[in-house]
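> Okay, handing you the structure first.
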Amino acid sequence: MPPRPPPHLAAAVLLLIFATGTTGHTCSTPPSPCPPFASTPPFPFSLSPGCGHPSFHIKCATPRATISINNLTFSLLRFEPNSTSLLLSPQPADTTTTHRNCTPSRPLSIPTKPINLSASPFHVSDSSCSRLSVLKPCPPPNLPNCSHCSWQCKLIKDPVQLLHESCGSASTHPQLSEQGCQADILEFLDNFLTWGIEIEWDENQDTYFSKCKDCQSKSGVLKYLHKHQPTISTAAEAAKALTSTKSFCNEILILSSINHPNLVKLHGYCSDQRGLLLVYDYVPNGTLADHLHGSKSLYRKGSLKWQVRVDMALQIAIVIEYLHYSVVPPIVHRDITSSNIFIEKDMRVKVGDFGLSRLLVRDTERVWTGPQGTPGYLDPEYYRSFHLTEKSDVYSFGVVLLELVTGMRAVDQRREKREVALADLAVARIQMGLLEELVDLDLVGDGEAAMAGVAAAAELAFRCVAADKDDRPDAREVVAELRRIRSRTRGVVGPARSSNSTNHVVPES
């Protein structure tokens, strides 16, 4: 079983504020065990109110976790990541009262009332309905005393009534296959429920999801970096306003479908009259911009040696490669910046802020969309043509790589007009053979091998920020080149490895 997360784990949150005085709480780690989950239940499941999706609130129990829908309790037998279906089995009924003289004395999975999923975001799958629709009792049916066991009599006569109106009556279903009659309908239904019924989540019936669809009508979003205490008011200094709550919805849809150790992990979201909330792991060591530019007194400028910087560059590139080549359809982040790259205590990176991300659907020849991004990182060809490709992320990464090489900001109004954008400044200097004027002075003392790596990284960045997207390398080429640079910097010569894997890069000791 994977180790539990550290007890000091906090969260980073996106919050749309409509009223003050909001309080928070910590989302709990499950007791061990909590099958079918091997570790903390993933989003959208939750163990505490306000965590995850409210319709997926579970309780850890033996032998299976339980979930309640419309006051009926089910054992969760199986779930598939990135699937909308669950396999559930009703909790055994109390046979000492309601089932007396109506059913065998052993516990049955048959509830004492129909399984009613109306007014919930779930419905019974067609496959489960079809299994009941072909069920028929052998004539004459073996009925108990119907005056005392009316519910059992109804089930024997019309087994589909077990699932309320989710499946309709047996007469409304085609006979999908020939099936012999069943002498003991109740025993069949008991086995049917014990093995589990498949239910599916329907986003169109989910009031919480509909709020997300309507979020463009809201007025704005605040981003908070939630510190060690779960009280929103303590994190006000880290607030960052977003221009549209469409990004709130976008992050939920994107981050809930991908998984990579160098991406921020979405634990869930909350939605009520007070606002909208996204909950992430708290990344405790600031952003890459903080470390490179000394934007906060907590982080001293120049503290990053070249070996650490090239490790970070490689991790970022591997994330981009994952988004472009391992995810279907591919994802373009559209906002790769040093401020959206978060640093763990061990200096590993986490790429975040997917509010502007877009899916690239391959059955269309091109993706046309209004240019969005951060000044200084925005692909100029995308800005001119409105044509979005993966190479737009490569351009943004090239600017981040230039920041790692130079220690300069992507945009600095204090520089001359033609050099306000770091990409313009770097391209001009490199074309004139003046690379030494660009290199961060804090790197000069790192040795000859490091300086050779810096020069190679600057050349790679130069290619990434080419004006024509066709002159830029793709993410796979960037990863391969950075692996070569990293190996030379460390004095390790070996073949470059192409990577679509989800393994993060851990700096070697």
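For reference, each letter of the sequence shown is one residue, going -24 to -1, 1 to 485 in mature numbering (1 follows the signal peptide of the UniProt record, and there is no 0).
Ideal Cβ placement from N, Cα and C applies to all residues, glycine included.
Span of the alpha helix (DSSP H) holding F164?
Taken as a continuous stretch (DSSP letters only), the alpha helix (DSSP H) holding F164 covers I161 to W171.
> To the nearest angstrom, how far is the alpha carbon of R394 from that of V403?
When rounded, the distance between both Cα atoms is 11 Å.
> Can you tell me whether Q283 is helix, strand or coil according to DSSP?
Three-state result, Q283: helix.
> Out of I406, D422 and Q137, state which residue places its alpha-carbon closest to the alpha-carbon of A437.
Nearest option by C-alpha distance: I406.
> Hey, how far is the Cα of A397 from the Cα of V376?
Cα to Cα, the separation comes out at about 12 Å.
> So, is Y256 buried or exposed, given that buried needs 16 or more other C-beta atoms within 10 angstroms?
So Y256 counts as buried.
> Of the residues N167, S232, R334 and T88, which one's Cα is nearest the Cα of T365?
Ranking the options by Cα distance to T365, first place goes to R334.
> Output the residue ranges of the alpha helix (DSSP H) runs that lie fully inside the segment 348 to 373 and measure 4 residues or longer, sorted by chain position.
Segments of the alpha helix (DSSP H) lying fully in the segment 348 to 373: 356 to 361.
> Tell me, please, whether the segment 314 to 333 touches the segment 234 to 241 by the rule of three or more beta-carbon pairs shorter than 8 Å.
These segments touch.
> Where does the unbroken alpha helix (DSSP H) through F438 begin, and where does it stop?
Unbroken alpha helix (DSSP H) run through F438: E424 to C440.
> If you draw a straight line from the C-alpha of G409 to the C-alpha of A434, how long is it?
For G409 and A434, the distance between alpha carbons rounds to 12 Å.
> Secondary structure at E227, three-state DSSP: helix, strand or coil?
The answer is helix: DSSP assigns E227 an H, G or I state.
> For A215, count the other beta carbons within 10 Å of its own beta carbon; 16 or more makes it buried, fewer makes it exposed. Which is it?
Here A215 scores only 27 on pLDDT, less than 50, and its place in the model should not be relied on; the value that follows carries that caveat. Burial call: exposed.
> How would you label V197, buried or exposed, when you count the other beta carbons within 10 angstroms and need 16 or more for buried?
Caution is warranted here: a pLDDT of 36 is assigned to V197, below 50, making its placement in the model unreliable, and the coordinate value is therefore given only provisionally. It is buried - the Cβ of V197 has at least 16 other Cβ atoms within 10 Å.
> What are the residues that DSSP puts in a beta bridge with L62?
According to DSSP, L62 bridges with F55 and I175.
> Buried or exposed for W282, please, with buried defined as at least 16 other CB atoms from any protein chain shown within 10 angstroms of its CB.
W282 should be labelled buried.
> Note down, one range per segment and in chain order, each alpha helix (DSSP H) of at least 4 residues found wholly within the segment 76 to 126.
DSSP runs (the alpha helix (DSSP H)) wholly in the segment 76 to 126: 102 to 109.
> Is the beta carbon of F362 sitting closer than 9 Å to the one on G349?
Cβ distance not < 9 Å, so F362 and G349 don't count as in contact.
> Answer yes or no: do L48 and I86 have a C-beta to C-beta separation smaller than 9 Å?
It is not a contact, given that the beta carbons lie outside the stated cut-off.
> Below 8 Å on the Cβ atoms is my contact criterion, and I expect L411 with A443 to pass it. Report the Cβ-Cβ distance as a whole number of Å.
With 8 Å as the limit, L411 and A443 do not qualify as a contact, their Cβ atoms being about 19 Å apart.
> Between the C-alpha atoms of H309 and L229, what's the straight-line distance to the nearest angstrom?
Taking the straight line joining both Cα atoms gives about 13 Å.
> Do the CB positions of F318 and N226 come within less than 9 Å of each other?
In this structure, N226 does not lie closer than 9 Å to F318 by Cβ.
> Specify, as a first and last residue, the run of the alpha helix (DSSP H) that S463 falls within.
A451 to T465 is the span of the alpha helix (DSSP H), which, as asked, contains S463.
> For L336 versus I307, is the C-beta spacing smaller than 9 Å?
Yes, they are a contact pair.
> Between the Cα of P17 and the Cα atoms of F50, E56 and D400, which residue gives the shortest distance?
Among F50, E56 and D400, the Cα nearest to that of P17 is on E56.
> Along the chain, where does the beta strand (DSSP E) that runs through I45 open and close?
Its beta strand (DSSP E) spans residues T42 to I45.
> Please name the residue or residues paired with V327 in a DSSP beta bridge.
The partner list for V327 (beta bridge, DSSP) reads L239 and I317.
> List the residues that DSSP assigns as beta-bridge partners of P335.
It is Leu, not Pro, that sits at residue 335 in the sequence shown. Beta-bridge pairing links L335 to I307.
> Distance check for V441 and V420, CA to CA, integer angstroms please.
C-alpha separation (whole angstroms): 24 Å.
> Measure the alpha-carbon distance for P90 versus S22 and round it to whole angstroms.
If I take the Cα positions, the gap works out to 26 Å.
> Using C-beta distances below 6 Å, list every residue in its chain close to G28, excluding the 5 sequence neighbours before and after it, in chain order.
For G28, where only same-chain residues beyond five positions count, the Cβ hits under 6 Å are F19, P20, F21, S22 and G244.
> So, is W171 buried or exposed, given that buried needs 16 or more other C-beta atoms within 10 angstroms?
So W171 ends up on the exposed side.
> So the alpha helix (DSSP H) H300 belongs to, where does it begin and stop?
Counting along the chain, H300 falls outside any alpha helix (DSSP H), and DSSP gives it neither H nor E.
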